[in-house]
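One structure is given below, encoded as structure tokens.
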Amino acid sequence: MALLELSDLEKSFGAVQVLNGVDLQVDEGEVVGLVGDNGAGKSTLMKAVTGVYPVDNGRVQFDGEDLTQIEPGTRRSKGIEMIYQDLALAPQQDVANNIFLGREPTRRLWGLFPNFVDKVKIDQEAQKMVDRLGVHVPTIHIPVGMLSGGQQQTIAIARALTFQPKLVIMDEPTAALAVREVESVLQLIRQMRDEGIAIILISHRLNDVFEVSSRIVVLRRGNVIADLQRDETDMAEVVSYIVGAHT
Amino acid sequence: MSSNGTEGPVAPATSFRFGFGAVARALERTHVRAESLLVLVALAAIMAVLSPVTGDGTRVFLTANNLFNIILASATFGILAIGATFVISAAGIDLSLGSVLGLASVTGAALVVTLGWPWYFAIIGSLGAGAAAGWVNGFIITRGRVPAFIVTLGMLGIARGLALIISNGRGIYGLPEEILFLGQARPWGVPTPVFILIGVALIAHYVLAHTPFGHHTLALGDNENAARATGINVRKQRMKLYTISGLMAGIAGLIFTARVNTGDPTAGLTYELLAITAAIIGGTNLFGGRGSILGTMIGALIMGVLQNGLNLMAVQAYYQQMAIGAVLIAAVWLDQVRAQQRE
Ligand SMILES: Nc1ncnc2c1ncn2[C@@H]1O[C@H](COP(=O)(O)OP(=O)(O)OP(=O)(O)O)[C@@H](O)[C@H]1O
Ligand SMILES: [Mg+2]
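Those protein sequence lines, which keep their order, are chains A and B. Mapping the first sequence onto my numbering, position 29 (from 1) lands on 42, and the numbers just tick up by one. Mapping the second sequence onto my numbering, position 58 (from 1) lands on 76, and the numbers just tick up by one.
Structure below.
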């Protein structure tokens with residue numbers, strides 16, 4: 014049984030139909046590359062998976078459960094994480110708080126006052142995560158907005174990996190990264206796959222997609238027009254699907 | 019993965035801004051701007067020097083009685099400013115604070131004085147009316163997607179009109195002992211409203227700085243998409259914030275009633291100006307993402323000192339309004355200049 018099963022997803026913004034009935038399945042531990050032209054609907058489709066965008070029609074099934082009407086926070090706690098194209102970080106909050114945003118561990122202060130955010134724990138765990146990913150930040154107490162684009166991108170990745178996800182959606186995770194950091198992210202993807210985490214990788218860098226994916230799905234104008242096994246296709250074919258030249 | 023480039027702990031970059039160790043770190047941890055504390059001290063010094071001299075040679079400003087007066091006056095809009103801090107740090111605004119204070123004042127008094135219900139209905143009525151008005155603000159802002167600026171500006175008119183209707187445009191005079199205690203008593207020599215202010219401020223500080231609710235509030239003001247993406251229910255969060263803001267106006271209205279022994283439909287007129295100014299000069303970011311209750315308390319004291327000092331110097335109320343308005347604009351202007359310098 015597939016981990017993620019999307020059936021007949023439709024979504025429009027006003028008069029503009031962005032998703033025209035998308036079907037897609039992703040298995041456990043599978044790395045799927047999702048490619049397509051600018052505006053093809055990739056980000057919209059994935060936001061429908063995380064629940065940030067409610068869909069007009071269709072079904073989102075995850076781990077055998079229908080999540081279509083479930084809110085983003087609950088979907089996250091069920092193991093769906095996404096690294097958003099715009100990163101979705103809170104610039105004035107520090108690195109540690111961003112990593113734990115929406116998931117703050119709490120304790121009782123002096124055994125009395127409930128719901129006290131355990132900042133010590135947040136800082137420790139965030140430091141561990143940052144060290145594990147080898148993020149170059151001067152300190153986890155710095156506001157995220159003061160970091161470079163690449164550093165921010167790694168913080169967004171750290172946030173997605175901190176809570177044992179089952180599915181990680183990465184929307185252009187390497188767009189702002191230098192060559193060496195791109196290699197790190199690809200290595201990280203392979204490592205996650207080996208741990209059984211499913212990954213959907215959205216990228217315009219087909220080289221990267223080919224390097225780590227086992228399947229490549231092409232979205233065009235809100236339709237899945239190709240679902241290809243990596244080993245049975247090549248870059249020329251994928252490109253021809255993306256630009257609509259394939260018949 | 020590539021190796022970690024930093025060795026050992028590195029001090030937060032922002033702590034270099036102020037020179038003096040422990041105080042600076044304490045301020046930093048509570049997100050209080052050192053500048054606002056300096057402004058408070060400097061302003062108090064100026065007011066002390068400029069204020070008239072009493073018979074025995076002391077400055078009127080510095081007498082214990084006058085200092086209590088400052089805190090007492092600050093208590094009402096200080097509690098409003100706490101409401102403003104919650105809403106503004108989530109990138110919202112509540113312009114209805116002063117009017118809702120007036121509505122809360124007459125609602126509580128009307129239940130007890132006009133209808134003859136037991137004394138505690140003054141508390142229930144004031145707090146209930148405040149929270150209800152805030153809830154309505156939140157409901158229309160989140161459901162109708164009407165800008166907070168417009169909704170709360172409308173509520174400014176509605177709440178004031180309602181207060182005048184309930185009271186027939188006249189003060190509702192003569193509340194029971196128990197209520198007057200909340201405004202006029204001085205247990206251990208300290209006016210009750212000061213205790214209420216401190217109590218409310220401590221709880222509010224705890225909530226904003228140390229609970230998930232507070233973290234979510236700041237994140238929402240910082241980047242709504244980030245809040246939504248991390249699973250925060252943005253709509254519910256906003257509803258709660260505007261309800262809290264209204265509740266603060268309710269508490270302030272109750273104190274006002276108790277202090278003057280009257281449910282006054284004109285109570286809190288233009289207090290939103292004081293409350294929002296106190297929050298902003300206390301370090302709350304007008305555009306959201308940053309806010310501190312302790313900073314707001316310093317801001318409220320600055321406004322209190324300013325008002326009190328101008329009173330002592332016999333400056334007319336009209337000029338005081340102008341001064342407060344000018345302080346608000348100057349504070350935001352200064353913030354903008356600094357933000358541009360940082361870029
Ligand atoms: N919130 C929104 N409101 C209105 N239209 C939107 C919104 N989000 C996306 N769209 C529209 O939906 C279409 C698909 O956008 P989407 O961001 O999903 O594309 P994409 O495949 O991710 O493109 P890119 O490769 O440029 O990131 C675009 O035409 C876009 O203008
Ligand atoms: Mg996109």
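Glycine is no exception: its CB is placed at the ideal position from the N, C-alpha and C atoms. Note that the coordinates shown come from a computational prediction; the quantities given were computed from them, not determined experimentally.
query: Beta-carbon contacts of Leu-182 (chain B) that lie in its chain and below 6 Å, excluding the five residues immediately before and after; result: Pro-283
query: Contact test: Ser-56 (chain A) Cβ vs ligand 1 heavy atom, cutoff 7 Å; result: yes
query: Chain-ordered chain B contacts of Ala-173 (chain A) [CB-CB under 9 Å]; result: Chain B residues near Ala-173 (chain A): none, gap ~10 Å exceeds 9 Å.
query: C-alpha gap between Leu-113 (chain B) and Leu-346 (chain B), whole angstroms; result: 14 Å
query: Gln-140 (chain A): CB within 7 Å of a non-hydrogen atom of ligand 2; result: no
query: Range covered by the alpha helix (DSSP H) that runs through Asp-240 (chain A); result: Careful: Asp-240 (chain A) lies outside any alpha helix (DSSP H), inside the beta strand (DSSP E) at 236-242.
query: Interfacial residues, the segment 130-150 of chain B to chain E, with Cβ spacing under 9 Å; result: Looking for chain E here will not work: the only protein chains present are A and B.
query: Near ligand 4: Gln-98 (chain A) beta-carbon under 7 Å from a heavy atom; result: Although ligand 4 was asked about, the structure shown includes only ligand 1 and ligand 2 as ligands.
query: Neighbour flag for Val-133 (chain A) against chain B, beta carbons, 8 Å; result: no
query: Alpha-carbon spacing of Ser-9 (chain A) relative to His-259 (chain A), whole angstroms; result: No answer is possible for residue 9 (chain A): the residues shown for chain A start at 14 and end at 260.
query: Proximity test, Asp-107 (chain A) beta-carbon vs ligand 2 heavy atom, cut-off 7 Å; result: no
query: Interfacial residues, the segment 90-102 of chain A to chain B, with Cβ spacing under 9 Å; result: Ser-90, Met-95, Tyr-97, Asp-99, Leu-100, Ala-101, Leu-102
query: Proximal residues, the segment 283-307 of chain B versus chain A, C-beta separation under 8 Å; result: Asn-303, Gly-307
query: C-alpha gap between Gln-354 (chain B) and Ser-54 (chain B), whole angstroms; result: 16 Å
query: Contact set between the segment 230-247 of chain B and chain A, restricted to residues whose Cβ is under 9 Å from the partner; result: Pro-230, Phe-231, Gly-232, His-233, His-234, Leu-236, Ala-237, Leu-238, Gly-239, Asp-240, Asn-241, Asn-243, Ala-244, Ala-245, Arg-246, Ala-247
query: Any C-beta of chain A under 8 Å from that of Ile-250 (chain B); result: yes
query: Per DSSP, the bridge partner or partners of Glu-196 (chain A); result: Paired residue(s): none; Glu-196 (chain A) is not in a bridge.
query: Rounded distance between the beta-carbons of Val-65 (chain A) and Pro-85 (chain A), thought under 8 Å; result: 6 Å
query: 8 Å Cβ cut-off: residues of chain B touching Gln-105 (chain A); result: Leu-236, Asp-240, Asn-303, Gly-307, Arg-308
query: DSSP three-state assignment for Phe-176 (chain A), whether helix, strand or coil; result: coil
query: Neighbour flag for Tyr-337 (chain B) against chain A, beta carbons, 8 Å; result: no
query: His-7 (chain B) at chain A interface by Cβ criterion, 8 Å; result: Residue 7 (chain B) cannot be examined here, being either before or after the span of chain B that is shown, 19 to 361.
query: Residues of its chain near Glu-94 (chain A), where Cβ-Cβ distance is below 6 Å and the 5 sequence neighbours each way are ignored; result: Ala-173, Pro-178, Val-181
query: Within-8 Å CB hit, Phe-126 (chain A) to chain B; result: yes
query: Three-state class that DSSP yields for Ala-31 (chain B) in the structure shown; result: Caution is warranted here: a pLDDT of 41 is assigned to Ala-31 (chain B), below 50, making its placement in the model unreliable, and no coordinate value can be reported.
query: Pairwise C-alpha distance: Met-257 (chain B) and Ala-150 (chain B); result: 11 Å
query: Per-residue DSSP class, three states only, for Leu-58 (chain A); result: helix
query: C-alpha distance - Ile-100 (chain B) paired with Asn-84 (chain B), whole-angstrom precision; result: 24 Å
query: Contact list for Val-237 (chain A) against chain B, beta-carbon separation under 7 Å; result: None at all; the shortest Cβ gap to chain B is about 24 Å.
query: Assigned secondary structure, Ser-253 (chain A) (DSSP; H/G/I helix, E/B strand, else coil); result: helix
query: Residues bridged to Tyr-138 (chain B) (per DSSP); result: Looking at the DSSP assignment, Tyr-138 (chain B) forms no beta bridge with any residue, so it has no partner.
query: C-alpha gap between Asn-303 (chain B) and Val-225 (chain A), whole angstroms; result: 43 Å
query: CA-to-CA distance, Arg-277 (chain B) to Gly-192 (chain B), given in whole angstroms; result: 11 Å
query: Endpoints, beta strand (DSSP E) assigned at Ile-229 (chain A); result: 228-233
query: Sub-8 Å separation of Gly-286 (chain B) and Gly-126 (chain B) beta-carbons; result: no
query: CB contact check: Leu-190 (chain A) to chain B, cutoff 8 Å; result: no
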